[in-house]
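In what follows, a single structure is set out as structure tokens and then discussed.
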Amino acid sequence: MSRTDPPSPAPSTYAIDGQITRARPVEPALYAVSTPIGNLGDVTLRALEVLAASDLVVCEDTRVTRTLLDRYAIRKPMAAYHDHNAARERPRLLAMLRGGKTLALVSDAGTPLVSDPGYKLVEEALAEGLKVIPIPGPSAILAALVAAGLPTDAFAFLGFLPPRSSARRTRLAAFAALPATLVLYEAPHRAAETLADMAAVLGPGRPGVLARELTKRFEEIRRGTLEALAAGALADPPRGEIVLLAGPPAETETGDDDLDALLRAALETQGPGQAAAEIAKATGRPRKEVYARARSLRATGDEPEASGGARDEPDNPDLPS
Ligand code: SAM
């Protein structure tokens with residue numbers, strides 16, 4: 410190639426087990442592409458398509474992402490984007506997007522922006538009216554949650570907790586009463602002390618899970634009370650990458666005064682049937698009993714007039730839940 414020749418464009422192909430596929434062209438945008446959390450077989454077809462069709466792969470560490478691209482024979486330019494160069498690199502990346510280029514943002518593992526770089530880039534791209542498209546796939550949060558055996562109907566992700574115990578306990582206290590499974594990331598050398606703080610703050614006997622090296626050779630899922638897991642992590646320190654989970658707090662019986670307070674609030678916007686159905690479900694109290702209480706509150710006028718969409722319902726506690 411002479412000095413004046415333009416560089417030949419990188420091919421938009423990928424290969425699975427030697428079978429080469431031409432990636433379909435994609436709409437120019439910033440793509441947030443999820444990649445495997447250990448097992449390279451977990452990459453999605455769409456992730457391969459977008460990586461192969463992109464003008465630039467924006468990654469945390471080019472050596473880590475090179476392993477993934479090599480596995481699928483993707484030859485694309487890469488640019489490192491991490492905490493130490495993000496402010497400097499962002500204007501250049503945004504200019505490329507403005508110029509109609511396609512950027513694939515990945516992190517070392519899992520979903521970018523989830524305890525990983527990319528939030529500011531997405532935020533600024535959106536502020537400029539540029540298109541951002543998610544390519545969903547692996548993340549340690551959901552991989553751990555679905556194998557934990559803890560409730561999945563409501564969960565909260567806390568990211569990494571502060572490294573100091575006092576700040577960590579303060580953060581945990583803010584979530585202690587939340588009726589949801591808690592999911593957090595932790596470094597292996599802090600697992601035992603964080604589990605001990607979780608046991609102390611979230612309460613004794615609360616169920617927990619330590620999920621380690623998910624999708625990898627030494628995948629391990631330890632289940633037990635938070636105290637038992639803390640003791641286990643001291644005796645047999647876990648290695649590798651770790652997700653910690655705590656089940657929701659045990660449901661406590663809602664007393665009559667609390668029940669009335671909940672009903673009064675609900676009756677502001679709902680009829681007694683719907684209010685009773687929702688509050689019975691939330692508190693575990695029998696629906697007929699809650700409905701009777703709602704009717705009597707309404708009859709005695711001990712609750713505000715229903716407003717907005719609230720309707721008076723027929724005298725029937727068998728209402729949809
Ligand atoms: N963006 C990633 C995601 O979507 O899961 C998370 C990146 S964060 C910097 C890295 C942390 O994720 C690790 O310290 C660990 O807590 C968790 N993690 C990542 N891969 C994991 C795996 N294979 N098994 C267990 N935890 C993992």
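Residue numbers (this note's numbering): 410 to 730. We put the beta carbon where it would ideally sit given N, CA and C, even for glycine.
Over what stretch of residues does the beta strand (DSSP E) that includes residue i continue unbroken?
i           : result
residue 428 : 428-431
residue 447 : Here residue 447 belongs to no beta strand (DSSP E), and DSSP marks it neither H nor E.
residue 520 : Neither: residue 520 is in no beta strand (DSSP E) and is coded neither H nor E.
residue 489 : 487-489
Among the options, which residue has its Cα nearest to the Cα of residue i?
i           : options            : result
residue 481 : 497, 469, 450, 496 : 450
residue 603 : 559, 580, 674      : 580
residue 472 : 508, 679, 516      : 516
residue 448 : 536, 524, 423, 476 : 476
residue 560 : 426, 666, 656      : 656
residue 548 : 540, 523, 538, 537 : 523
residue 695 : 708, 668, 631, 599 : 668
residue 612 : 539, 637, 666, 502 : 637
residue 483 : 489, 642, 464      : 464
residue 645 : 619, 663, 623      : 619
residue 630 : 654, 610, 643, 640 : 654
residue 600 : 627, 565, 652, 555 : 652
residue 710 : 590, 664, 677, 697 : 677
residue 493 : 526, 513, 563, 562 : 526
residue 634 : 649, 489, 607      : 607
What are the residues that DSSP puts in a beta bridge with residue i?
i           : result
residue 440 : 513, 542
residue 591 : 565, 655
residue 629 : 621
residue 425 : 428
residue 482 : In the DSSP output, where bridge partners are listed per residue, residue 482 has none listed.
residue 453 : Answer by DSSP bridge pairing: none, since residue 453 is not bridged.
residue 634 : 616
Kindly list the residues whose CB is nearer than 7 Å to the CB of residue i, restricted to its own chain and excluding five residues on each side of it in sequence; keep chain order.
i           : result
residue 421 : 431, 432, 461, 462
residue 456 : 442, 443, 444, 544, 546
residue 730 : Low per-residue confidence applies at residue 730: pLDDT is 33, beneath 50, and the placement is therefore not dependable, though the value from the model is reported in the following sentence. Answer for residue 730: 686, 690, listed in chain order.
residue 425 : 481
Enumerate in chain order the residues of its own chain whose CB-to-CB distance from residue i is below 6 Å, with the five nearest sequence positions on each side excluded.
i           : result
residue 704 : 681
residue 671 : 688
residue 625 : 447
residue 598 : none
residue 402 : Residue coverage of the chain in this structure runs from 410 to 730, which leaves residue 402 outside it and unanswerable.
residue 628 : 622
residue 468 : 474, 487, 515
Need the endpoints of the alpha helix (DSSP H) that residue i sits in, please.
i           : result
residue 615 : From DSSP, residue 615 is part of no alpha helix (DSSP H); its letter is neither H nor E.
residue 704 : 696-708
residue 467 : First-last for residue 467: 465-468, but that is the beta strand (DSSP E), not the alpha helix (DSSP H).
residue 685 : 681-692
residue 582 : 574-584
residue 596 : From DSSP, residue 596 is part of no alpha helix (DSSP H); its letter is neither H nor E.
residue 532 : 528-536
residue 499 : 495-507
residue 666 : 665-676
residue 435 : Neither: residue 435 is in no alpha helix (DSSP H) and is coded neither H nor E.
residue 551 : 549-557
Taking buried to mean at least 16 other C-beta atoms within 10 Å of its own C-beta, is residue i buried or exposed?
i           : result
residue 501 : exposed
residue 427 : exposed
residue 392 : Here the chain covers residues 410 to 730 and nothing more, so residue 392 does not appear.
residue 614 : exposed
residue 429 : exposed
residue 571 : exposed
residue 418 : exposed
residue 562 : exposed
residue 485 : buried
Looking at residue i and ligand 2, is the gap between the Cβ and the nearest heavy atom below 7 Å?
i           : result
residue 688 : For the structure depicted, ligand 2 is absent and the ligand set comprises only ligand 1.
So, for residue i: in the same chain, excluding its five sequence neighbours on each side, which residues have a beta-carbon less than 8 Å away from its beta-carbon?
i           : result
residue 437 : 506, 509, 510, 511, 540
residue 503 : 530, 533, 534, 537, 539
residue 423 : 429, 430, 432, 457, 458, 460, 461, 481, 482, 483
residue 453 : 443, 544, 545, 546
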